[in-house]
Every structure is written in C-alpha cells, then in structure tokens.
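Residues 1 to 396 in full-length UniProt numbering are what the sequence shown lists, from first letter to last.
Heads up, the beta-carbon is just placed ideally off N, CA and C, and yes, glycines get one too.
Computed from a predicted model, the values in this text were never measured in an experiment.
Step one of this worksheet: look at the structure below.
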Amino acid sequence: MSPDRPNDPTLDIERHVAAMEPQLIAIRRDIHAHPEIGFETVRTAEIVAQELERIGLSPRRGVGRTGVVAEIAGGAPGPCLLIRADMDALPMEELTGLPFASTIPGTMHACGHDIHTATLLGVGSVLQAMAPKLRGSVRLVFQPAEETVESGAAAMVADGAADGAAIALAFHNRPEMPVGRFGYVRGASTASSDEFDVIVRGKSGHAARPHSALDPIVAASAMIMQLQTAISRVMDPSRSAVLTVGHIQGGSTHNIIPDSCLFQGTVRCRSPESRDTMEASFRRICDGVAAAMGVTCEIDYKRGAPALINDDGVVDAVIRSVSEQFGADKVEQLEGRFGAEDFSYFSERIPSCQLLVGSSQPGRDDRVHNSDYQPDERSIGLGVAALARTALDILS
C-alpha cells in the first residue's frame, strides 16, 4: 500500500492479480478450446464450479439450467453486490490458427465470453481473499445462453439469481478500445431486441392475369417500404430505433403469383417508450397496408431482451473506482449501441452498470463475432483489478 494512503487497496489488488494471471489465462484457453453454445455450457460450468470450490466458496450449480452462482460473505453486514459474466460461445467456425483454437467444429468463442468467465473467476479469488474488508456480500453469477434467443439471464433471474441484490455489475471486452483502457455509457448501453414474422396471404393466380389474383409479394413489399416510415416519421429523431427486414420469401417460380409471402426481421429500441411506439406502429402499418390492398396478414411479434439501462449512480461509482485503480485518463465515456445484451434482465430489476474493458491487441483491428477474433489476454487481469476495486469501494 502507498505510505501516504494506508487504506488504498491498489497495490494489494495488483499483487493478487499478478499472482493469478497465468492461471486465469490457462483457464481461458481451456474454455476457448472447448466452446459450448447456449444452455449447453455443462463443461464450462463445471470448470467454474470447481474453481470456486478451490478458493473456498460453495457454488450452486444448475441455476437457470446450467448457470453457477456463488456468494462471498463480507466481514460486516451490508448490501449484496451482484457481478455477472456470460459463458457461452457462438455457432461459427474458428479461423484464428491459435494453438488453443476451438476443438469443436462450427463452434467458437468469438465474443470473448471465455475472457469474461476467467475474469470473474479472478474477481472471485481477489474478493474472497479480501472478504473481511467487505461490508456486505458479493454474488458471482456465471450465466449460460447470452447469445441465444432464449435468454440465460432471464432463466437465472427466474431461478432467483437476482433476488436480494442491491447493485449489479457486468462487463464486456471491447476490441475497438486498446487494452488498458476502460469505457462506460450513461443511460441506454444497448437496445432492446424484438423479432417479427409476418405472413401476407393473398390469392394465387397466373402471372399474365394479375387482376384475377391478390398478389401477396407486392403487398409485402409495400409493407416493408412503409415500415421504414415508422423510423423516419413516427419516432422522435433523438430517441430513434432500428428496423431491419432480414428475410423475405414468397413464390416458387416465374409465372405464378403465390398465395402467401413471408418476411422476417428485428426491431431495436433504446427506451421502453420507443419500444412500445415501434410495436404499435408496426402493427398499424402492416394491418393498414393489408386492408388497403385486399390481403390479410398474420403478425408474430416477439419481444426479446429489453434495453440495458445503466444507472447513473452506479456508473459514477464504477468510474471513481476504476480511475483510482488505473488513473482517470484510462477511462472514457462512449456512445450506446443498438446491439442486444441480456444482462438487461438484471438491470431492469437492480441499479446496474456494464463496464467495457479494452481488449484490442496492438496492430490488430478486431471485432467480436468474427471468425478471426483474437482479444488481448491482458484484458483478463485488468478486468479483474477494475471489478475487484469497484466491489471493494462499493462495499467499504
């Protein structure tokens, strides 16, 4: 500890991280070589549980089907701080050529959840060693199925993983930022992610006699074009949304007007109010165009994860702690994005913040969900230090 700041934990945390970093990297590489998708994170969850037992904790297995939860009891009463990491991989082929590349065909940790899992294990080790200094408790949540439509976060919340927690933290590696830097977003960090399937039903007929048919392809095309006016003419430009049609299918050959046409896509919004406005506009436009063109439509509009809204008070606490540990020049404010993150199932119940941890290797220009994604493994130890310091400060 610094002689002029006897209660400053900076050096203690640095020493803990330096001692465990090689082991955390080894764990990360093992998980990376054996990726698991969705709720199938059985092997990964067992590695996590065994590591938690090794440091003296009593993990609960099978939370939210394949999640793991462990509690670190502090030296004095206080609130419960929840810290979550996701464990699942993506269904894509790895092309990195790394010696610890995926051994499972068509499966890869291309989003860095292997980094997240190793990081939270390190956080648990540091905080367990410093538990007498905590006023309250820390709940470590290792979550499956962040990358799938069926949410692992929702499953874990349903199993009680959020019960009793006063504050929640999450983190994500950010390859657009150099390793050693940290980012935060105020307000909406990510968007809600909703999916739609629309079947337009008309009447089939010969392509030479369109007047005797009801063309569902033309009607679907009109709906798709009009749906963009929900963005340009309904939404407040300062609280916009993104609507994308990613698939359209209708007909089977050149000279037949088909009976039906299907289109599918997503709607992403960064506030609950925008989400409600977009769904109502979507339904009104599709039904209105169908009525005008004499066809019918069946709308299946499925709501996914809500937007991840960071709490200003928790954000302020995280910024202070990370700045104390690394220096204020290492922390920067970023803009929110329209991707989805199911930590939002925790953040809609508990004041929360997601910390972004720089993971770019020098000389590389990586992005997540890429078959050649190679995050800098130094981000593991840096993430451990940032989150452990934040937990110590919040619970001091």
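- If one requires a minimum length of 3 residues, the beta strand (DSSP E) runs lying completely within the stretch 90-170 are 135-143, in chain order.
- Going by DSSP, serine 379 is part of the alpha helix (DSSP H) stretching over 378-394.
- Annotation: the continuous beta strand (DSSP E) that includes aspartate 194 extends over 192-201.
- Proline 178 has Ser360 as its beta-bridge partners, per DSSP.
- For valine 149, there are no CB contacts under 6 Å within the same chain when 5 residues up- and downstream are skipped.
- Checking the DSSP bridge columns, you'll see alanine 70 partnered with Leu140.
- Rounded to the nearest angstrom, the gap between the Cα atoms of glycine 339 and leucine 24 is 28 Å.
- For histidine 32, the uninterrupted alpha helix (DSSP H) run begins and ends at 10-33, by DSSP.
- Of the residues assessed, leucine 98 falls on the exposed side of the cut-off, its CB having fewer than 16 other CB atoms within 10 angstroms.
- If you draw a straight line from the Cα of tyrosine 184 to the Cα of isoleucine 31, it comes to about 27 Å.
- With contacts defined as CB atoms closer than 7 Å, glutamate 51 and leucine 121 qualify as a contacting pair.
- Counting C-beta pairs closer than 8 Å gives fewer than three between the stretch 221-238 and the stretch 154-171, which falls short of the contact rule.
- In this model, leucine 382 and valine 357 are separated by some 8 Å (Cα to Cα).
- With a beta-carbon spacing of about 4 Å, alanine 118 and arginine 28 fall inside the 8 Å limit used to define contacts.
- Residue pairing from DSSP places isoleucine 83 in a beta bridge opposite Leu140, Leu169.
- Close CB contacts of alanine 131 within its chain, under the 7 Å cut and outside five residues either way in sequence, are with Ile72, Ala73, Gly74, Gly75 (chain order).
- Ranked by Cα distance from alanine 162, the first of Ala391, Phe171, Arg84, Thr190 is Arg84.
- Rounded to whole angstroms, the gap between the alpha carbons of serine 396 and serine 151 is 33 Å.
- Annotation: the stretch 301-346 contains the following complete segments of the beta strand (DSSP E) (minimum length 3 residues), in chain order: 331-333.
- Per DSSP, threonine 244 is not a residue of any alpha helix (DSSP H); the beta strand (DSSP E) it occupies stretches across 241-250.
- Per DSSP, the beta bridge partners of glycine 183 are Glu332, Leu356.
- For arginine 275, the enclosing alpha helix (DSSP H) covers residues 272-293.
- Where arginine 268 is concerned, the enclosing beta strand (DSSP E) starts and stops at 260-269.
- About 5 Å separates the Cβ atoms of glutamate 146 and aspartate 342, confirming a contact at the 8 Å cut-off.
- Serine 102 counts as buried, since at least 16 other C-beta atoms from the protein chains shown sit within 10 angstroms of its C-beta.
- Per DSSP, reduced to three states, the secondary structure at valine 368 is coil, with no helix or strand assignment.
- One thing to note: isoleucine 199 has its Cβ within 7 Å of the Cβ of serine 260.
- Scanning Ile217, Cys269, Val242, Asn255 for the CA closest to the CA of isoleucine 248 turns up Ile217.
- Leucine 214 has Lys203 as its beta-bridge partners, per DSSP.
- Cβ atoms of glycine 336 and isoleucine 257 stay farther apart than 8 Å, at about 44 Å.
- Bridge pairing for alanine 76: Arg135 [DSSP].
- Separation of arginine 270 and alanine 328 (C-alpha to C-alpha, rounded to the nearest whole angstrom) is 28 Å.
- Residue range 60-63 is occupied by the beta strand (DSSP E) that includes arginine 60.
- By the neighbour-count definition (other C-beta atoms within 10 Å, threshold 16), methionine 225 is an exposed residue.
- In the three-state scheme derived from DSSP, where H, G and I count as helix and E and B as strand, isoleucine 256 is classed as strand.
- Between arginine 209 and valine 157, the alpha-carbon positions lie close to 56 Å from each other.
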